[in-house]
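Same order as they appear, the protein sequences are chains A and Y.
When we follow the UniProt record's numbering, the leftmost residue of the first sequence carries the number 1, and every step to the right adds one.
When we follow the UniProt record's numbering, the leftmost residue of the second sequence carries the number 1, and every step to the right adds one.
So the structure is just underneath, and the comments pick up after that.
2 protein chains.
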Amino acid sequence: MSNPTAAILIIGDEILSGRTREGNAHYLAGELVRAGIDLREIRVVGDVHETIVAAVKTLSAGHDHLFTSGGIGPTHDDITADAVAAAFGAPIGVRDDAREILARHYAARGLEFNEARLRMARIPEGARLIENPVSAAPGFSIGNCHVMAGVPNIFQAMVASVLPQLTGGAPLMSQSLTVMQAEASIADSFGVLAAEFPDLSMGSYPFVKDGAYGTNLVVRGTDAARIDAAMTKLCALYAEEA
Amino acid sequence: MSNPTAAILIIGDEILSGRTREGNAHYLAGELVRAGIDLREIRVVGDVHETIVAAVKTLSAGHDHLFTSGGIGPTHDDITADAVAAAFGAPIGVRDDAREILARHYAARGLEFNEARLRMARIPEGARLIENPVSAAPGFSIGNCHVMAGVPNIFQAMVASVLPQLTGGAPLMSQSLTVMQAEASIADSFGVLAAEFPDLSMGSYPFVKDGAYGTNLVVRGTDAARIDAAMTKLCALYAEEA
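This is the structure in structure tokens:
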């Protein structure tokens with residue numbers, strides 16, 4: 001049996017203008033090799049509705065999987081969700097499950113859940129959400145198309161959520177813990193704990209918020225009890241709320 | 001009047017497998033902005049004849065210019081020239097002008113002009129050669145499609161040859177000098193000389209050959225007499241043959 005095939009669609013004027021050097025395609029290319037999925041094409045297009053719709057139609061029809069990066073943030077030029085919905089002929093609007101994730105995230109951080117941020121809860125009907133352990137706003141999968149954020153560490157976290165589900169493995173569950181410490185200062189202890197749970201996948205995703213360093217720790221696995229056990233140890237280790 | 005549009009086609013399995021992180025598209029994106037050409041799409045495909053032919057047809061038809069990178073070297077998987085010829089319906093074979101450039105280059109360096117290297121003289125009928133001041137093997141332009149090497153410093157040198165011709169400027173001429181010294185050790189004196197000829201464009205392209213550092217110095221301009229004057233000074237400065 002031959003490997004499943006894939007394409008990557010990168011969306012963003014900032015790549016075409018040379019302002020940003022794109023790295024997500026290169027990152028995902030490496031992950032796909034490891035997952036046994038053959039990457040056949042990478043395409044970069046600008047923030048133009050018709051162009052994105054056409055590219056999504058062509059690339060999702062021509063491959064087993066299509067991964068997109070970029071254009072799902074809070075600003076007016078973030079038009080990927082609507083374009084993907086159009087490509088799959090799906091209605092799109094603010095969805096309750098996505099709104100709830102965002103509301104909880106902003107409430108916990110004392111941030112205003114404004115109109116712009118509500119935009120990020122626009123998810124096509126029938127799509128499955130992709131977890132974003134870094135900044136909450138979810139990606140989504142519709143049909144064979146997996147829509148992810150362009151910010152590199154969010155993109156990488158979403159790839160970690162999605163990829164294991166595509167390779168025929170058992171459904172993956174995850175829990176996360178936000179620690180307000182720099183990734184480097186917890187790397188050693190986190191590594192020791194990860195070694196105690198070789199059956200789980202543990203990832204760390206650093207961020208900066210209001211000038212302070214923080215790290216989201218994500219535990220992924222197929223056994224809920226094992227994930228609970230790891231989270232209990234993690235919480236004790238860093239003495240913060242999950 | 002709106003700007004001319006462009007697409008970039010990157011060809012190579014090594015990009016899709018994640019082995020190589022592509023940088024030519026990012027480089028050219030920046031150059032196109034400066035040249036006033038709107039980049040609309042970047043596409044990366046593998047070393048598959050039909051795929052390259054289809055991409056060249058689509059992208060050259062949909063844009064004022066198409067730039068390709070990769071697949072014009074001496075090995076069996078370098079199939080870009082044949083694919084581009086097929087896309088434009090042009091016959092292709094070893095062309096005398098290209099063979100002569102290569103023969104002169106290899107003879108001067110005591111290198112064998114073997115079958116593999118002769119492959120790099122395969123140029124479609126009607127195409128204009130693009131100068132390669134680094135390693136001689138030329139790129140070419142056919143129709144609105146500009147076919148360049150994937151090795152970054154050769155790609156950049158070819159972009160420098162091609163781009164000024166597309167923006168309605170006077171035809172550009174060039175001469176080059178190979179100096180067997182590291183770029184860093186001649187940078188100061190070369191810079192001083194370049195400042196004496198503000199009407200010319202002078203570029204340096206470092207290479208390593210048999211463990212020794214060398215640099216190709218290229219002088220470009222629209223006035224043949226001025227280029228001759230600069231070359232005379234360059235040859236005197238570095239006391240080598242042009």
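For glycine and all other residues, C-beta sits at the position ideal for the given N, C-alpha and C.
Can you tell me the Cα-Cα spacing of residue i and residue j, whole angstroms?
i	j	result
A242/Y	T51/Y	For A242/Y, the pLDDT reaches just 38, beneath the cut-off of 50, and the residue's location in the model is therefore unreliable, leaving the point undetermined.
I42/Y	A160/Y	19 Å
S201/Y	I8/A	38 Å
R220/Y	E196/Y	14 Å
H63/A	P206/A	33 Å
S141/A	P124/A	9 Å
A87/A	G71/A	15 Å
L166/Y	G23/A	29 Å
D77/Y	V56/Y	17 Å
S2/A	S204/Y	47 Å
I227/A	D199/A	10 Å
G126/Y	A81/Y	13 Å
C145/A	A85/A	10 Å
A137/Y	R109/A	59 Å
V134/Y	H105/Y	10 Å
R34/Y	T58/A	31 Å
V44/A	D97/A	30 Å
H49/A	P4/Y	21 Å
I79/A	D188/A	40 Å
A121/A	G36/Y	37 Å
R119/Y	G73/Y	8 Å
E131/Y	V151/Y	14 Å
V162/Y	E112/Y	29 Å
A61/A	Y238/A	46 Å
A149/Y	L66/Y	14 Å
E14/A	I101/Y	39 Å
A107/A	H26/A	35 Å
A83/A	I92/A	10 Å
T232/A	D210/Y	59 Å
R128/A	G139/A	9 Å
Quick one, which of the options has its alpha-carbon nearest residue i's?
i	options	result
Q175/Y	A230/Y, R95/Y, H26/Y, S17/Y	A230/Y
Q181/Y	V33/Y, G214/Y, G70/Y, R104/Y	G214/Y
T178/Y	L234/Y, L166/Y, A149/Y, D228/Y	L234/Y
A6/Y	L237/Y, F113/Y, T68/Y	T68/Y
L217/A	I186/A, D13/A, V33/A	I186/A
residue 243/A	N132/A, A90/A, Y27/A	Only positions 1 to 242 of chain A appear in the structure, and residue 243/A is not among them; the question remains open.
A224/A	M173/A, G93/A, P164/A	M173/A
V208/Y	E183/Y, T222/Y, T232/Y, D188/Y	E183/Y
V53/A	V147/A, S17/A, P133/A, V151/A	V147/A
T222/Y	D210/Y, P164/Y, L237/Y, G211/Y	P164/Y
L28/Y	G139/A, T232/A, G73/A, L16/A	L16/A
S94/Y	A116/Y, I11/Y, D188/Y	It should be noted that the sequence gives Val, not Ser, for residue 94/Y. Looking at the Cα atoms, A116/Y is the closest of the given residues.
G46/Y	L102/Y, R99/Y, G12/Y, I101/Y	G12/Y
G18/Y	I10/A, L39/A, G18/A	L39/A
G30/A	R21/Y, E31/Y, I101/Y	R21/Y
Could you spell out the range, first to last residue, of the beta strand (DSSP E) harbouring residue i?
i	result
L217/A	212 to 221
T178/Y	173 to 179
H65/A	65 to 69
L129/Y	128 to 130
Please state whether DSSP places residue i in a helix, a strand or coil.
i	result
E241/A	Reliability fails at E241/A, whose pLDDT of 42 lies under 50, so the model's placement of it is uncertain and the value that follows must be treated cautiously. It is coil, neither helix nor strand.
P206/Y	strand
N151/A	Position check: residue 151/A holds Val in this sequence, whereas Asn was assumed. Coil at V151/A, not helix or strand.
E41/A	strand
T232/A	helix
G93/Y	strand
T167/A	coil
S2/A	coil
H76/A	coil
R122/Y	strand
L59/A	helix
residue 243/A	The requested residue 243/A does not occur in the structure, where chain A is confined to residues 1 to 242.
I10/Y	strand
For the alpha helix (DSSP H) that residue i lies in, which residues bound it at each end?
i	result
L16/A	13 to 16
R99/Y	96 to 108
L28/Y	24 to 35
I186/Y	183 to 196
Q.
Measuring CB atoms only, is the region 183 to 195 of chain Y touching the region 148 to 167 of chain Y, in the sense that at least three cross pairs come out at less than 8 Å?
A. No, the region 183 to 195 of chain Y does not touch the region 148 to 167 of chain Y.
**Q.** Near-chain B residues of the region 50 to 82 of chain A (beta-carbon distance less than 7 Å), N- to C-terminal order
**A.** In the structure shown, chain B does not exist; the protein chains are A and Y.
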